[in-house]
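Trainee: Counting from 1, one number per residue, gives the positions in the sequence shown under full-length UniProt numbering.
Here a beta-carbon is modelled for each residue, glycine too, at the ideal position from N, C-alpha and C.
All of these numbers come straight from a predicted model, not from anything done at the bench.
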Amino acid sequence: MRSYSWRTFALEFVMLAVTVAFAFPLYVLVNLSLRDPRDTASAASLTTSPTGRNYADAWQQAGLGGAIANSALVTIASVVVIVLVSSLAAYPLARVTSAWSRAVFLLVMLGLLLPFQLALLPLYQTIRDLHLLGTPWALVLFYSGLQVPFATFLYVGFLRALPREYEEAALIDGATQFQAFRSIVFPLLRPITGTVVILNAVLVWNDFLTPLLYLSGSTQQTIPVAIFGFLGQYVSQWELVFAGLVIGSLPILFVYFAMQRHIIKGFAGGLKG
């Protein structure tokens, strides 16, 4: 049995310091969300008279109920499209070893290198011509095209490390290639699918710029844009901002903790290939 040494103490001290550094912003967030607007104490000072009125006001004034519904619709629809398109595209790219497969894979990977900001104006014009401006489907289309290359990269890496024997047995039994993928391969992709789901869900849920651009002037706002309404040129209702942030963070935190065991396992499996 190893004795307690100064190295162990130093490691524990560093871990404790890192924990405090990451927990402090969360403390400030919750602390200020419970503070009375007339309280001018420092943000680090513990609120002595907490109030839950900020949460009720933020919910009513920002219309967070509708904003959460819109964010949920955009997030779920985008993630479903990303998972289906990426997994189906990755399967032949990982299993076929011909030159065209490698060329197509490199072409898909170009989507990771090109910054989407360069295409903001052309995409805006395209969405306008499709008459999708001001609707959640504009965001679904945008996020799906943006995130498919990265999700395909993860799926290809995971599939290359997955043994072929499972699907080959199904093909011998008379299943088609699609049936083998649907019934055998896709269930085995559960770890990497969990990773793809949570990474894209967090990105879509927290994005601010894209909904601000494509839903501008519409009543169908997402959570970040709805909370942004509390910030004005002359007056900013910070207590409502922090209360809204806490409310908006709870759904995605629930999804994250429900799927966290898949994240590291799936991500490591994707990189291994």
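Taking 8 Å as the threshold, find out whether the region 177 to 191 comes into contact with the region 83 to 100 through three or more Cβ pairs.
Mentor: Yes, the region 177 to 191 touches the region 83 to 100.
Trainee: Nearest-angstrom Cα distance between I82 and H131?
Mentor: If you take the alpha carbons of I82 and H131, they lie about 22 Å apart.
Trainee: Can you list, in chain order, the residues of its chain whose CB lies under 7 Å from that of W205, leaving out five sequence neighbours each side?
Mentor: Excluding positions up to five away in sequence, the list reads S71, T75, I252.
Trainee: Have a look at the DSSP bridge pairing and note the partners of L139.
Mentor: DSSP, once it has assigned bridges, lists no residue as partnering L139.
Trainee: Leaving out five residues before and five after V104 in sequence, what residues of the same chain have Cβ atoms less than 7 Å from its Cβ?
Mentor: Same-chain partners within the cutoff: L93.
Trainee: The alpha helix (DSSP H) spanning Q60 covers which residue range?
Mentor: 53 to 61 is the extent of the alpha helix (DSSP H) around Q60.
Trainee: Is the number of C-beta pairs between the region 201 to 220 and the region 43 to 59 that are closer than 8 Å three or more?
Mentor: At 8 Å Cβ cutoff, the stretches do not touch.
Trainee: Might you give, ordered along the chain, the residues of its own chain that have their beta carbon closer than 6 Å to the beta carbon of V156, omitting 5 neighbours on each side?
Mentor: For V156, where only same-chain residues beyond five positions count, the Cβ hits under 6 Å are A90, L93, A94.
Trainee: In the DSSP assignment, what are the bridge partners of S236?
Mentor: Partner(s): L231.
Trainee: Assuming L64 contacts I223 under a Cβ cut-off of 8 Å, what Cβ separation, rounded to an integer in Å, is found between them?
Mentor: Yes, they are in contact, since the Cβ atoms of L64 and I223 sit about 7 Å apart, within 8 Å.
Trainee: What distance in whole Å lies between the Cβ atoms of V30 and A44, which are believed to be in contact at a cut-off of 8 Å?
Mentor: That pair is no contact at about 13 Å.
Trainee: When we look at the beta-carbon of S49 and count the other beta-carbons within 10 Å, is it buried (16 or more) or exposed?
Mentor: The residue is exposed, with fewer than 16 neighbouring Cβ atoms inside 10 Å.
Trainee: Please name the residue in I247, T219, A62 whose C-alpha comes closest to that of P136.
Mentor: With distances taken between Cα atoms, P136 lies closest to T219.
Trainee: Going by other Cβ atoms of all chains shown within 10 Å of its Cβ, with 16 needed for buried, is R102 buried or exposed?
Mentor: Exposed, since its Cβ has fewer than 16 Cβ neighbours within 10 Å.
Trainee: Could you name the residues of the same chain whose beta carbon sits closer than 7 Å to that of T69, not counting the 5 residues immediately before and after it, in chain order?
Mentor: According to the sequence displayed, residue 69 carries Ala and not Thr. Here the set comprises nothing.
Trainee: With a threshold of 6 Å on Cβ separation, who are the neighbours of T47 within its own chain once the five nearest residues in sequence on each side are excluded?
Mentor: Closer than 6 Å at Cβ, skipping near neighbours: N31, L34, R35.
Trainee: Can L189 and F158 be called in contact, C-beta distance under 8 Å?
Mentor: Yes. Within cutoff.
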